[in-house]
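**Student:** Structure in C-alpha coordinates, see below.
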Amino acid sequence: MNIGIAPDQGFEKFMQNVGSGLRHVREAQKRDIHTVAEAVAIPHEQLDLIEQGKFNWEVQLIARLCNYYEVTVKEVMSHGKTTL
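With full-length UniProt numbering, you'll find the sequence shown wraps up at 84, consecutive numbering, no jumps.
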(Lines of atoms letter the chains of each structure in order from A; the text may use other names.)
(Lines give C-alpha, C1' and ligand atoms only; values in the text may rest on other atoms or scores of the structure.)
Protein backbone atom coordinates (compact mmCIF):
# COMPACT_ATOMS: atom_id res chain seq x y z
CA MET A 1 0.00 0.00 0.00
CA ASN A 2 1.44 3.36 -1.02
CA ILE A 3 0.48 6.27 1.21
CA GLY A 4 2.48 8.83 -0.73
CA ILE A 5 5.39 9.16 1.68
CA ALA A 6 8.77 7.63 0.92
CA PRO A 7 9.97 5.36 3.75
CA ASP A 8 12.86 7.70 4.60
CA GLN A 9 10.50 10.68 4.76
CA GLY A 10 8.16 8.77 7.06
CA PHE A 11 10.99 7.86 9.42
CA GLU A 12 12.31 11.41 9.36
CA LYS A 13 8.88 12.76 10.30
CA PHE A 14 8.61 10.14 13.04
CA MET A 15 11.98 11.23 14.48
CA GLN A 16 10.86 14.87 14.35
CA ASN A 17 7.61 13.98 16.11
CA VAL A 18 9.41 12.16 18.91
CA GLY A 19 11.95 14.96 19.23
CA SER A 20 9.43 17.77 19.38
CA GLY A 21 7.38 15.76 21.88
CA LEU A 22 10.42 15.30 24.10
CA ARG A 23 11.23 19.01 23.90
CA HIS A 24 7.62 19.88 24.78
CA VAL A 25 7.72 17.60 27.84
CA ARG A 26 11.09 18.98 28.96
CA GLU A 27 9.96 22.57 28.62
CA ALA A 28 6.58 21.87 30.27
CA GLN A 29 8.47 20.43 33.24
CA LYS A 30 10.77 23.49 33.21
CA ARG A 31 13.86 21.32 32.96
CA ASP A 32 17.16 22.62 31.62
CA ILE A 33 18.62 20.71 28.66
CA HIS A 34 22.00 20.40 30.41
CA THR A 35 20.44 18.90 33.55
CA VAL A 36 18.43 16.35 31.58
CA ALA A 37 21.37 15.37 29.40
CA GLU A 38 23.56 14.84 32.45
CA ALA A 39 20.84 12.77 34.17
CA VAL A 40 20.53 10.38 31.20
CA ALA A 41 24.29 10.38 30.53
CA ILE A 42 24.41 11.96 27.08
CA PRO A 43 25.98 15.20 25.82
CA HIS A 44 23.54 18.12 25.81
CA GLU A 45 24.33 18.63 22.11
CA GLN A 46 23.01 15.12 21.43
CA LEU A 47 19.80 15.82 23.33
CA ASP A 48 19.37 19.02 21.34
CA LEU A 49 19.74 17.07 18.08
CA ILE A 50 17.23 14.46 19.29
CA GLU A 51 14.72 17.21 20.10
CA GLN A 52 15.24 18.64 16.61
CA GLY A 53 14.64 15.23 15.02
CA LYS A 54 18.17 15.21 13.61
CA PHE A 55 19.72 12.35 15.59
CA ASN A 56 19.18 8.67 14.82
CA TRP A 57 18.55 7.57 18.41
CA GLU A 58 18.15 4.11 19.89
CA VAL A 59 14.91 3.03 21.54
CA GLN A 60 16.71 2.53 24.86
CA LEU A 61 17.67 6.20 24.92
CA ILE A 62 14.09 7.34 24.35
CA ALA A 63 13.01 4.94 27.11
CA ARG A 64 15.59 6.50 29.48
CA LEU A 65 14.32 9.99 28.66
CA CYS A 66 10.69 8.96 29.16
CA ASN A 67 11.61 7.33 32.46
CA TYR A 68 13.42 10.48 33.57
CA TYR A 69 10.43 12.66 32.65
CA GLU A 70 8.02 10.08 34.13
CA VAL A 71 5.94 9.97 30.95
CA THR A 72 5.05 7.28 28.43
CA VAL A 73 6.14 7.21 24.80
CA LYS A 74 2.46 7.66 23.92
CA GLU A 75 2.40 10.90 25.92
CA VAL A 76 5.55 12.10 24.15
CA MET A 77 4.03 11.28 20.76
CA SER A 78 0.83 13.15 21.62
CA HIS A 79 2.89 16.33 22.09
CA GLY A 80 4.83 15.98 18.83
CA LYS A 81 4.26 18.65 16.21
CA THR A 82 4.42 16.61 13.02
CA THR A 83 2.18 13.91 11.66
CA LEU A 84 2.86 10.96 9.39
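Backbone N, C-alpha and C define an ideal beta-carbon position, used for all residues, glycine too. Quick caveat: nothing in here was measured; it's all calculated off a predicted structure.
Cutting at 6 Å between CB atoms, please list the residues of its own chain near Glu51, excluding the five before and the five after it.
**Tutor:** Counting only Cβ-Cβ distances below 6 Å, and skipping sequence neighbours, we find Gly19, Leu22 and Arg23.
**Student:** Might you give, ordered along the chain, the residues of its own chain that have their beta carbon closer than 7 Å to the beta carbon of Ile62, omitting 5 neighbours on each side?
**Tutor:** Result list for Ile62: Val18 and Val73, in chain order.
**Student:** Less than 7 Å between the C-beta atoms of Ala37 and Tyr68, yes or no?
**Tutor:** Not in contact: Ala37 and Tyr68 (Cβ atoms no closer than 7 Å).
**Student:** Would you identify the three-state DSSP class for Ala41, choosing helix, strand or coil?
**Tutor:** Three-state DSSP puts Ala41 in coil, outside helix and strand.
**Student:** Below 7 Å between beta carbons: does that hold for Gly53 and Gln16?
**Tutor:** The answer is yes: Cβ separation under 7 Å.
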